[in-house]
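Scroll down for the structure; my scribbles are underneath it.
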Amino acid sequence: MDPETALELVKHGVTLLLLDVPQYTLVAVDTQMFSVGPAFKGIKMIPPGVHFVYYSSSSRDGKEFSSIIGFFIDAGPSEVIVRKWDQQEERLIKLSEEEEERYSQAVKNLEFDRQLGPYNLSHYEDWKQLSNFITKSVIERLEPIGGEITVECENEIVRNATKMPMEDALGKQLKVGNSATSVGKSQRKGCYYTSIPHVVKCKGISGQELTSLNLDKTQLLETLLAKDYGGSEDLLLGELQFAFVAFLMGQSLEAFLQWKSLVSLLFGCTEAMLVWSFNLVGQFVKFFVPTLILWALPFCLCIICWRAPHLLRFVLQARK
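Listed below in C-alpha cells is the structure:
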C-alpha cells in the first residue's frame with residue numbers, strides 16, 4: 001500500500017486507542033487478534049461501521065488468561081474510541097468526555113500513529129459476512145447495561161438454562177480454566193435476548209393440533225416476528241448474528257444458548273423451509289452453512305489451542 005492511500009485510511013478510518021494495556025494481553029477486533037507488546041496503543045484504519053472488540057488479561061508471564069470481555073461498537077468515519085486500562089479491575093474503562101476529546105485530537109494529529117497496529121483490510125469482508133445484519137438498533141436492543149459481554153456475569157443465567165450434558169460439562173470446564181485473576185465480580189447483567197419458547201403451549205386446541213404446532217414451528221416464528229421483532233426479519237437475523245459473534249469471539253455461554261435456540265427454531269420451521277419466498281429462512285441458510293463451516297470450527301480451535309488448552313482436552317475426551 002502506498003503512503004498516500006495509507007494516510008487516507010488512517011484519517012478516514014476508525015481508531016481504537018487503548019491506553020496502558022499490560023503486555024501479553026490479548027486484544028482483538030472482529031476476526032483479528034493481537035498480543036499486546038510494550039509499544040501497543042491500539043488499532044487504526046478500522047472501516048466505519050459495526051465491530052466487536054474483545055480482550056483477555058494475562059498473567060505476568062503471559063501463560064494464563066482471564067475470561068474474555070467484549071463489546072460492540074458502531075463507529076463513524078474518523079471516529080476515535082478511547083479506552084484506558086484499569087489495573088485494579090483488569091478491564092478497559094471509558095474516560096471523561098474532556099479526556100476523550102483530548103486524546104481524540106492527539107490521534108487525529110498522528111501523535112500515536114507509530115504505536116497503532118493496522119486493521120487488516122483483507123479480512124474485512126469476512127467480518128461483514130458474519131455481521132451484515134447487526135446494526136446500531138440491534139446492538140442497543142440486545143447489549144447488556146454497560147455494554148460489556150463476559151461469561152463472568154453469566155453464572156446465574158447459564159445455571160438456570162436448560163442444557164444438554166455436554167453443554168453442562170463445557171460450562172464447568174470454562175469455569176475451571178479461568179485461572180488468571182478474573183475481572184471484578186460485579187453485578188453486571190447479561191444481554192437482553194428475545195425469549196424463545198422450547199415448547200409451544202396453546203389452550204383451546206386439540207392434542208393433534210398442539211402436536212402439529214410443536215413439530216412445525218412456522219407459526220411460532222411468525223408470532224415471534226410480529227410480537228418481539230415488530231415484523232422485522234432483519235432484527236431477528238441481527239440477533240442471530242449478534243449471539244453468534246458474542247459466543248464465537250466473546251466465549252459467552254448465554255450467547256451460545258440463544259444462538260442454539262434461534263437455530264433450532266428456524267430449522268424447526270418445516271413449512272417456511274419449503275416456501276423459499278419466505279425471505280428469513282433463505283437468508284438464515286445462506287448465513288448459517290458457510291459461517292459454521294468456514295468460521296466457527298477453525299476460530300474455536302484457534303481460541304481453544306491458544307488460550308484455553310483445558311477446553312481442547314475436554315473436546316478430545318468427549319470424542320472418545
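First residue of the sequence shown? That's 1 in full-length UniProt numbering, and the numbers climb one at a time after it. Yeah, the Cβ is synthetic: ideal placement off N, Cα and C, and Gly gets one too.
Proximity winner among the options, relative to residue i (alpha-carbon distances)
| i | options | result |
| --- | --- | --- |
| Leu-9 | Val-281, Phe-256 and Asn-120 | Asn-120 |
| Leu-18 | Phe-65, Gly-117 and Arg-60 | Gly-117 |
| Leu-248 | Met-45, Thr-25, Gln-88 and Tyr-54 | Tyr-54 |
| Glu-90 | Ser-58, Glu-79 and Leu-253 | Ser-58 |
| Met-143 | Asp-2, Phe-242 and Gln-129 | Note that residue 143 is Glu in the sequence shown, not Met. For the residues Asp-2, Phe-242 and Gln-129, the minimum Cα distance to Glu-143 belongs to Phe-242. |
| Ala-246 | Asp-86, Pro-47 and Tyr-192 | Tyr-192 |
| Ser-252 | Cys-153, Ala-272, Leu-266 and Val-285 | Cys-153 |
| Lys-136 | Tyr-124, Ile-196, Ala-226 and His-51 | His-51 |
| Pro-48 | Asp-74, Asp-113, Ile-196 and Gly-37 | Asp-74 |
| Ala-6 | Ala-28, Met-45 and Gly-37 | Met-45 |
Backbone CA spacing between residue i and residue j [nearest angstrom]
| i | j | result |
| --- | --- | --- |
| Lys-108 | Gly-238 | 32 Å |
| Gln-258 | Leu-235 | 14 Å |
| Gly-13 | Lys-201 | 50 Å |
| Ser-261 | His-198 | 8 Å |
| Asp-61 | Ser-232 | 49 Å |
| Gln-23 | Tyr-103 | 21 Å |
| Lys-11 | Gly-76 | 12 Å |
| Thr-211 | Ala-272 | 17 Å |
| residue 321 | Asn-132 | The chain is shown from 1 up to 320; residue 321 falls before or after that span and cannot be answered. |
| Glu-79 | Phe-112 | 15 Å |
| Phe-40 | Arg-114 | 9 Å |
| Met-1 | Ser-122 | 12 Å |
| Leu-130 | Val-82 | 25 Å |
| Ile-205 | Phe-256 | 33 Å |
| Gln-32 | Gly-230 | 34 Å |
| Glu-4 | Leu-110 | 14 Å |
Residue i, enclosing alpha helix (DSSP H) - first and last residue
| i | result |
| --- | --- |
| Gln-258 | 253–267 |
| Thr-5 | 3–12 |
| Asp-228 | 218–228 |
| Gln-105 | 97–108 |
| Leu-142 | 136–142 |
Beta-carbon spacing of residue i, residue j below 8 Å
| i | j | result |
| --- | --- | --- |
| Asp-20 | Lys-84 | yes |
| Ser-67 | Thr-150 | yes |
| Thr-194 | Leu-224 | yes |
| Ile-70 | Gly-282 | According to the sequence provided, residue 70 is Gly. The question's Ile does not apply to it. Contact flag unset, no. |
| Gly-42 | Leu-16 | yes |
| Phe-287 | Val-263 | no |
| Asp-228 | Trp-127 | no |
| Ile-139 | Lys-189 | no |
Whole-number beta carbon distance between residue j and residue i, since they are thought to touch under 8 Å
| i | j | result |
| --- | --- | --- |
| Gly-147 | Lys-217 | Contact flag wrong, Cβ pair sits at about 32 Å. |
| Leu-215 | Leu-265 | The pair is not a contact, with the Cβ atoms about 13 Å apart (cut-off 8 Å). |
For residue i, the first and last residue of its enclosing beta strand (DSSP E)
| i | result |
| --- | --- |
| Lys-44 | 42–46 |
| Gln-241 | No beta strand (DSSP E) holds Gln-241; the alpha helix (DSSP H) holding it covers 233–248. |
| Ser-131 | No beta strand (DSSP E) holds Ser-131; the alpha helix (DSSP H) holding it covers 124–131. |
| Arg-83 | 80–86 |
| His-51 | 49–56 |
| Leu-121 | Element bounds for Leu-121: n/a, residue is neither H nor E. |
| residue 374 | The first residue shown for the chain is 1 and the last is 320, placing residue 374 beyond what the model contains. |
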